[in-house]
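Residue numbers (the UniProt record's numbering): 1 to 305. Every residue, glycine too, gets a C-beta built ideally from N, C-alpha and C. Remember, predicted model here, so these are calculated numbers, not experimental data.
Written as structure tokens, this is what we have:
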């Protein structure tokens, strides 16, 4: 992958799990959304404790997908990265869940992943839920490839949606995913291609992971500040976007700040002005990621003829 030259720095908020649980339980989601908007953040990370070893250990009290759905409903522009790790979640379920949220948000969803989900019980330290292999960079890499293939299997523009039309969709263009790897998935996905076509993938890479693989397969690599000196050069060379959880880091595309208390005060980032006639942009457009490559032609049709 070639590195994209950025005209500005991107900013993300890692919202602490208890902040999200409290906001939903006490009916403060609108207040949380207003806080996010005031910070000038480009995106939020929901459930980052599951993949960041420097964060407090999560309690798994609330699914990141549920938190993301609540934030999506209360916000208009900010991107929302949902944490899910194929160590526990099958890529078919992940692809379906993320595609549904992307449709709901009109293209504001991203996927934050990693090698190991820290909420996994002890008996899953060396094996997965859906496969025999335990957590590894190879498992995560294969799940990313599988999900991207699944998102291509039911093109959204096959849905006709015309009054009086007896055909719901041009079904001859729906194809099997036919992904073969650590996960073998025939497909197709039962949710149409999401608005972003391929949802942006961020990989929170840790010391000991195959960080080069993370940089080559994901759209965004997230590193802890303590890993920059050792792994930063390899990530900069290969990653489309390089983001760190260190506000003072230099030579990176973005910074992440962790929020554990809405009432503790937060120094807002510079918020870019919106041009006249502004319309909501997708997360992919906000991050200025390249357009996804077109889906391969001549895949095996599910409904030939």
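Requested in this report: Please say whether residue 201 and residue 256 have beta carbons closer to each other than 7 Å?
Outcome: Translated into positions along the chain shown, residue 256 becomes position 256. Translated into positions along the chain shown, residue 201 becomes position 201. No, these two residues do not count as a Cβ contact at 7 Å.
Query raised in the report: Which residues does DSSP pair with residue 183 in a beta bridge?
Result: As a working note, residue 183 is residue 183 in the chain shown. Paired residue(s): none; residue 183 is not in a bridge.
Report task. Going by CA-CA distance only, name the one from 148, 133, 22 that's closest to residue 293. Result -> What you label residue 293 is simply residue 293 of the chain shown in a count that begins at 1. Comparing Cα-Cα distances from residue 293 to each of 148, 133, 22, the minimum goes to 148.
Query raised in the report: Count the other CB atoms within 10 Å of the CB of residue 59; is the residue buried (16 or more) or exposed (fewer)?
Result: Numbered from its first residue, the chain shown carries residue 59 at position 59. Counting Cβ neighbours within 10 Å, residue 59 comes out exposed, since fewer than 16 surround it.
Query raised in the report: Using 8 Å as the Cβ pair cut-off and three pairs as the minimum, do the segment 69 to 88 and the segment 31 to 47 touch?
Result: yes
Report task. Out of 185, 178, 183, 190, point me to the one whose CA is closest to residue 169's CA. Result -> Here residue 169 refers to the residue found at position 169 when the chain shown is read from its first residue. If we check each option's Cα against that of residue 169, 190 comes out closest.
Query raised in the report: Residues in its own chain within less than 6 Å of residue 288 by CB, not counting five upstream and five downstream?
Result: The sequence position of residue 288 within the chain shown is 288, counting from 1. Excluding residues within five positions, none has a Cβ falling inside 6 Å.
Query - Candidates 218, 133, 107, of which the one nearest residue 280 by Cα - result: As a first step, residue 280 is located in the chain shown; it is residue number 280 there, counting from the start. When only C-alpha atoms are compared, the closest one is 107.
Query - Check whether residue 241 and residue 253 have beta carbons under 7 Å apart - result: To locate residue 241, count along the chain shown from 1; it is residue 241. To locate residue 253, count along the chain shown from 1; it is residue 253. Yes, they are a contact pair.
Query raised in the report: Which residues bound the alpha helix (DSSP H) around residue 168?
Result: As a position in the chain shown, residue 168 is number 168, starting the count at 1. Segment: none, residue 168 is in no alpha helix (DSSP H) and carries neither H nor E.
Query raised in the report: Per DSSP, what kind of secondary structure is residue 86 in: helix, strand or coil?
Result: In the chain shown, residue 86 corresponds to position 86, counting from 1. If DSSP states are grouped into helix, strand and coil, residue 86 belongs with coil.
Query raised in the report: Do you know how far the Cα of residue 109 is from the Cα of residue 101?
Result: Translated into positions along the chain shown, residue 101 becomes position 101. Translated into positions along the chain shown, residue 109 becomes position 109. Distance between the alpha carbons of residue 101 and residue 109: 7 Å.
Query raised in the report: Counting Cβ pairs, one atom from each stretch, are 3 or more of them under 8 Å apart for the segment 148 to 167 and the segment 115 to 122?
Result: no
Query raised in the report: Does DSSP put residue 296 in a helix, a strand or coil?
Result: Translated into the one-based positions of the chain shown, residue 296 becomes position 296. Here residue 296 sits in coil by DSSP.
Report task. Enumerate in chain order the residues of its own chain whose CB-to-CB distance from residue 307 is below 6 Å, with the five nearest sequence positions on each side excluded. Result -> Outside the displayed span of the chain (1 to 305) sits residue 307, for which this structure offers no information.
Query raised in the report: Nearest to residue 217 by CA position, among 246, 185, 111, 44, is which residue?
Result: Locating residue 217 in the chain shown gives position 217, where the first residue counts as 1. That would be 111, whose Cα lies nearest to the Cα of residue 217.
Query raised in the report: The beta strand (DSSP E) spanning residue 256 covers which residue range?
Result: To locate residue 256, count along the chain shown from 1; it is residue 256. That run of the beta strand (DSSP E) goes 254 to 259.
Report task. Could you round the C-beta distance between residue 78 and residue 41 to whole angstroms and report it? I think they count as a contact, below 8 Å. Result -> As a working mapping, residue 78 is identified with position 78 in the chain shown. As a working mapping, residue 41 is identified with position 41 in the chain shown. So it is a contact: roughly 6 Å between Cβ atoms.
Query raised in the report: Buried or exposed: where does residue 303 fall if 16 or more other Cβ atoms within 10 Å of its Cβ makes it buried?
Result: What you label residue 303 is simply residue 303 of the chain shown in a count that begins at 1. The residue is exposed, with fewer than 16 neighbouring Cβ atoms inside 10 Å.
Requested in this report: Could you check what DSSP says for residue 174 in three-state terms: helix, strand or coil?
Outcome: Here residue 174 is taken as the residue at index 174 of the chain shown, counted from 1. It is coil, neither helix nor strand.
Report task. Buried or exposed for residue 61, please, with buried defined as at least 16 other CB atoms from any protein chain shown within 10 angstroms of its CB. Result -> Along the chain shown, read from residue 1 onward, the residue named residue 61 stands at position 61. Flag for residue 61 reads exposed.
Query raised in the report: Given a threshold of 16 other Cβ atoms within 10 Å of its Cβ, counted over all protein chains shown, does residue 89 qualify as buried or as exposed?
Result: As a first step, residue 89 is located in the chain shown; it is residue number 89 there, counting from the start. That one is buried.
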